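Participant:
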Amino acid sequence: MNKISAALTAFLVALQLGCESTTKPTTLSPSISCPSAVTEQSLNGAPVTVTYAPPTASGGEAPLTTSCTPSSGSSFNVGTTIVACTVLDALHRTASCTFPVTVLKVPQLSETKYVAFGDSITQGQIDTPCPGQVGATLQEALKSLRGLERIVDPARSYPTKLLTLLTGRYPGQGITMFNAGLGGETVEQGQARLPGVLTAQKPQVLLLQEGANDLTGIAFGSPPYTVMSTIVNGLRAMIREARRRGILVFVGTLLPQRAGSCRAYAPEYIAPTNDLIRVMVAGEGPGVTLVDLYAAFGGVAGDLLSPDGLHPNDAGYQRMAQDFFENIQQLETMARPPITVGETGGQVVPPVRRTGR
Numbered sequence: 013m014n015k016i017s018a019a020l021t022a023f024l025v026a027l028q029l030g031c032e033s034t035t036k037p038t039t040l041s042p043s044i045s046c047p048s049a050v051t052e053q054s055l056n057g058a059p060v061t062v063t064y065a066p067p068t069a070s071g072g073e074a075p076l077t078t079s080c081t082p083s084s085g086s087s088f089n090v091g092t093t094i095v096a097c098t099v100l101d102a103l104h105r106t107a108s109c110t111f112p113v114t115v116l117k118v119p120q121l122s123e124t125k126y127v128a129f130g131d132s133i134t135q136g137q138i139d140t141p142c143p144g145q146v147g148a149t150l151q152e153a154l155k156s157l158r159g160l161e162r163i164v165d166p167a168r169s170y171p172t173k174l175l176t177l178l179t180g181r182y183p184g185q186g187i188t189m190f191n192a193g194l195g196g197e198t199v200e201q202g203q204a205r206l207p208g209v210l211t212a213q214k215p216q217v218l219l220l221q222e223g224a225n226d227l228t229g230i231a232f233g234s235p236p237y238t239v240m241s242t243i244v245n246g247l248r249a250m251i252r253e254a255r256r257r258g259i260l261v262f263v264g265t266l267l268p269q270r271a272g273s274c275r276a277y278a279p280e281y282i283a284p285t286n287d288l289i290r291v292m293v294a295g296e297g298p299g300v301t302l303v304d305l306y307a308a309f310g311g312v313a314g315d316l317l318s319p320d321g322l323h324p325n326d327a328g329y330q331r332m333a334q335d336f337f338e339n340i341q342q343l344e345t346m347a348r349p350p351i352t353v354g355e356t357g358g359q360v361v362p363p364v365r366r367t368g369r
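If you're matching positions, the sequence shown starts at 13 in this note's numbering and goes up one per residue.
Here's what the structure looks like:
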């Protein structure tokens, strides 16, 4: 009888426990979600303090306790650090996640002293209104324009805008930009002026864009091929003058011009002149980089030109600055090339088919 009672008691106890286990609610294990990856920048390569959002925890038996290592507000070295976060619930169950914190060192620019050299497009001439020229010939219009006041706004020039871009990407590196633009200058005049500028300023980099004023000669009857050859040969001579001094050179192509505008001297000769400039620059070797401004403007006289059809508007100057900026970024890693001034020393540009005028 005692055995029967003991068995019955054990059965009842088991039954009771079973009922309790089926009726008592159970909680899921906790889960945790980490914040997104974090990227910061170190201006001098030293560790930086990084603050990040806390992880999100759910489920589990309350209370939930979260922790991350390294903690938010810690110092992080340059490079990528994996942060590990954990959640612990009241039943001592855990879950974890990770996310990266990356500290980037500010890119270093190998060359920091710049001279921008050219004509009024470099100088920063703004869009002055064109005079009324109803019924006037192009030659008459050009003659009248020579007496107009040149309005220059250095703050709107591409060198000023470029300096803003450079100092934004390379803070604290002492970058300087000297604007040596001179309105109305031809390539031959620039060739004579450049040595003095380079001697006085001693730049590490020359930004060169010139030749639009030379095209005026075509409007007055000069043979197009002669004018284009003068432009390309003069640019080549200026490149070699700079390279002889160990200066890196970035050469901008001519901008498109709007046909029929008061300062569009010879828009149909821009593209063939640029073709010659591209070939010439490609043959100058290391240390000379083409900046294809014509392509950056879409190769057409669109909404980046002022009403005069020659000078950029504010957006156009910004586009010029952006194109030079993107090319200059190669100096972050580029080793200085040897000084080369060309092997042939020739002064004849490849012939082009004349389109006539």
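Glycine is no exception: its CB is placed at the ideal position from the N, C-alpha and C atoms. Since the structure is predicted, the reported quantities are computational estimates derived from the model, not experimental observations.
Sorted by chain position, which residues of the same chain lie with C-beta nearer than 8 Å to Pro207's C-beta, five sequence neighbours on each side aside?
Facilitator: Glu253
Participant: Just mark Ile230 as buried or exposed, buried being the case when its beta carbon has 16 or more other beta carbons within 10 Å.
Facilitator: buried
Participant: Any idea which residues DSSP pairs Pro112 with across the strands?
Facilitator: Ile94
Participant: Using the Cα positions of Ser234 and Gly321, report the straight-line distance between them to the nearest angstrom.
Facilitator: 21 Å
Participant: Leaving aside the five residues before and after Tyr182 along the sequence, list all residues of the same chain whose C-beta is less than 6 Å from its C-beta, in chain order.
Facilitator: Leu121
Participant: Rounded C-beta distance between Leu210 and Ile259? I'm assuming under 8 Å.
Facilitator: 7 Å
Participant: In whole angstroms, what is the alpha-carbon distance linking Val90 and Val217?
Facilitator: 30 Å
Participant: Put Glu152 into one of helix, strand or coil per three-state DSSP.
Facilitator: The predicted model places Glu152 with a pLDDT of 45, which falls under 50 and marks its position as unreliable, so this point remains unresolved.
Participant: Tell me whether the beta-carbon of Asp131 lies closer than 8 Å to the beta-carbon of Leu227.
Facilitator: no
Participant: Below 8 Å, can you find three or more Cβ-Cβ pairs linking the region 168 to 177 to the region 326 to 338?
Facilitator: yes
Participant: On a Cα-Cα basis, can you pick out the residue from Leu266, Thr301 and Val300 that is closest to Thr287?
Facilitator: This sequence places Asp at residue 287; Thr is not what is there. The shortest C-alpha separation from Asp287 is found at Leu266.
Participant: Report the three-state DSSP secondary structure of Phe336 (helix, strand or coil).
Facilitator: helix
Participant: Restricting to Cα atoms, I'd like to know which of Ala249, Val164, Ile163 and Pro236 is closest to Val199.
Facilitator: Looking at Ala249, Val164, Ile163 and Pro236, the one whose alpha-carbon comes closest to that of Val199 is Ala249.
Participant: Quick one: complete alpha helix (DSSP H) runs, 4+ long, within the region 300 to 336?
Facilitator: Scanning the region 300 to 336 for uninterrupted alpha helix (DSSP H) segments of 4 residues or longer gives 305 to 308, listed from N- to C-terminal end.
Participant: Check this for me: beta carbons of Pro82 and Thr93, under 8 Å apart or not?
Facilitator: yes
Participant: For Val263, which residues from the same chain have a beta carbon less than 8 Å from its beta carbon, with the 5 sequence-adjacent residues on both sides left out?
Facilitator: Closer than 8 Å at the Cβ level, and outside the excluded window around Val263, lie Leu220, Gln221, Leu247, Ile251, Ile289, Val293, Val300, Thr301, Leu302 and Val303.
Participant: Identify the continuous alpha helix (DSSP H) that holds Leu210 and give its terminal residues.
Facilitator: Val199 to Gln213
Participant: In terms of residue numbering, what span does the beta strand (DSSP E) encompassing Val263 cover?
Facilitator: Leu260 to Gly264
Participant: Using only the alpha-carbon positions, how far apart do Ser87 and Val60 sit?
Facilitator: The straight-line gap separating the alpha-carbon atoms of Ser87 and Val60 is approximately 5 Å.
Participant: Where Ala327 and Leu316 are concerned, what is the direct C-alpha to C-alpha distance, given to the nearest angstrom?
Facilitator: Their backbone Cα atoms lie some 6 Å apart in a straight line.
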